[in-house]
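See structure below.
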Ligand SMILES: [Zn+2]
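In our numbering, the protein residues as written are 370 to 659.
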């Protein structure tokens, strides 16, 4: 992580979310600017990233669930990490009466991301119990750590829903709960207005759309981050700010990703490596044809 941040520091000027807000809302100019965001509030933000950003004085923002912070709950994808995915897929297939052959982890994630969150959590719980697997211990930061991050003045806090649903799968009342109630609770926790949000999974039109953006606007959110891979610019909607993921891969890989920008996805498509999205699009079109 330190090497990645040094690489970024040599090419870009790190800015805060307030700078980014001014860029979108007040026409301020930003050149060669970069802002680091971290979703999910994993404990490594506190144990690994925090010492590095203090050393180099880098402003970042993190996106957390008040439920995970308060109760030590894990997001569903954290809970299933390390599971026997084929066994889990077969369990899913039996319950949902699908006759699909297991084709790998990407396919499992695609089918799970197609379920409303309540159903998904129930499915994981019943599989867990059937296998005699214990729930995982807390994987995220607690309130004390969150407040310490905030007090450093380097870390801004944004919301990331309560349960990490694919918002597009949910009915209106669940979306309002996952966005508006989540923001209100987080505001109480940190004693400050929450103006930032990151969409779970974050692919525009597949994971969220105008409905979610409207609810965010009504909740007073100024910037919401997607996972659309491109550079940010004045033409973006501030409630769908694109980002480049640097959580996977080594230095040359990340360098190539930053260099290619939005062309990276075209390259990825050529090598057909984005299997999960392929599966998910297939499932959406299956559902439409039913
Ligand atoms: Zn997330």
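Built from N, CA and C at the ideal position, the CB exists for glycine as well.
Computed from a prediction, not measured in an experiment: that's the story for all the values here.
State the CB to CB distance for the pair residue i and residue j, rounded to an integer number of angstroms; the pair is presumed to be in contact (CB under 8 Å).
i	j	result
residue 397	residue 594	At roughly 19 Å, the Cβ-Cβ gap does not stay under 8 Å, so residue 397 and residue 594 are not in contact.
residue 631	residue 599	4 Å
residue 371	residue 421	5 Å
residue 581	residue 536	5 Å
residue 464	residue 534	Wrong, their Cβ atoms sit about 19 Å apart, outside the cutoff.
Measuring only the C-alpha atoms, how far is residue i from residue j?
i	j	result
residue 419	residue 471	40 Å
residue 601	residue 410	23 Å
residue 586	residue 623	33 Å
residue 558	residue 597	30 Å
residue 499	residue 440	24 Å
residue 513	residue 561	16 Å
residue 389	residue 478	33 Å
residue 442	residue 584	25 Å
residue 545	residue 591	17 Å
residue 532	residue 649	20 Å
residue 607	residue 523	22 Å
residue 538	residue 425	40 Å
residue 435	residue 556	9 Å
residue 376	residue 578	34 Å
residue 399	residue 374	19 Å
I'd like to know whether the C-beta atoms of residue i and residue j end up nearer to each other than 8 Å.
i	j	result
residue 402	residue 381	yes
residue 520	residue 563	no
residue 510	residue 530	no
residue 525	residue 646	no
residue 446	residue 437	no
residue 573	residue 609	yes
residue 448	residue 378	no
residue 613	residue 636	no
Buried or exposed: residue i, going by 16 or more other Cβ atoms within 10 Å of its Cβ?
i	result
residue 476	buried
residue 625	exposed
residue 660	For residue 660 there is no data in the structure shown, the boundaries of the chain being 370 and 659.
residue 571	buried
residue 423	exposed
residue 651	exposed
residue 466	exposed
Assess, as a yes-or-no matter, whether the region 454–461 is touched by the region 470–485 under the definition of 3 or more beta carbon pairs within less than 8 Å.
yes
Between the region 482–498 and the region 386–395, can you find at least three pairs of beta-carbon atoms closer than 8 Å?
no
Do three or more CB pairs link the region 423–442 to the region 559–573 at distances below 8 Å?
yes
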